[in-house]
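Just so we're aligned, residue 684 is where the sequence shown starts under the numbering used here, counting upward by one.
Idealized CB from N, CA, C, for every residue including glycine.
Taking it in order: structure first as structure tokens, then the write-up.
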Amino acid sequence: MDKFDKKHEKAKEIFEKYKEANLEEKVISLAKKAAKSGFYDESIGLLDNLLLLQPKNSKEISQLAVKTQIEKEKNSKKLLEK
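Here you go:
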């Protein structure tokens, strides 16, 4: 087994642990809390990274990311008007 095979096996193990731990729902919850607190970029970043893992509910995650982006733009316009 060469270095590449070892790294590939390690990555597979980590990905399986991610799926088993149901981290997807926890990341979505964290992204929602971040957006509510005004951390829009962080929230969008979490959701984008989650989409890279090809989650089972990618449509919901995409919609949440778009909603967060719209909220970010609304709040930045409000700040500019002040």
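* To do: Evaluate contact between the region 751–760 and the region 723–730, counting only Cβ atoms and requiring at least three cross-stretch pairs below 8 Å.
  => yes
* Rounded C-beta distance between Leu747 and Ala714? I'm assuming under 8 Å. -> 7 Å
* Asked: DSSP three-state call for Phe687: helix, strand or coil?
  -> helix
* **Close-in-space but distant-in-sequence residues of the same chain around Pro738 (CB under 7 Å, 5 per side omitted)** => Glu707 and Ile744
* To do: Under 6 Å Cβ to Cβ from Ala717, same chain only, skipping five residues before and after it: list those, please.
  => Glu725 and Ser726
* Residue closest to Leu733, alpha-carbon to alpha-carbon, out of Lys686, Lys689, Phe698 and Asp685 -> Phe698
* **Limits of the alpha helix (DSSP H) - the one that Lys739 falls within** => Lys739 -> no alpha helix (DSSP H), and no H or E assigned at all.
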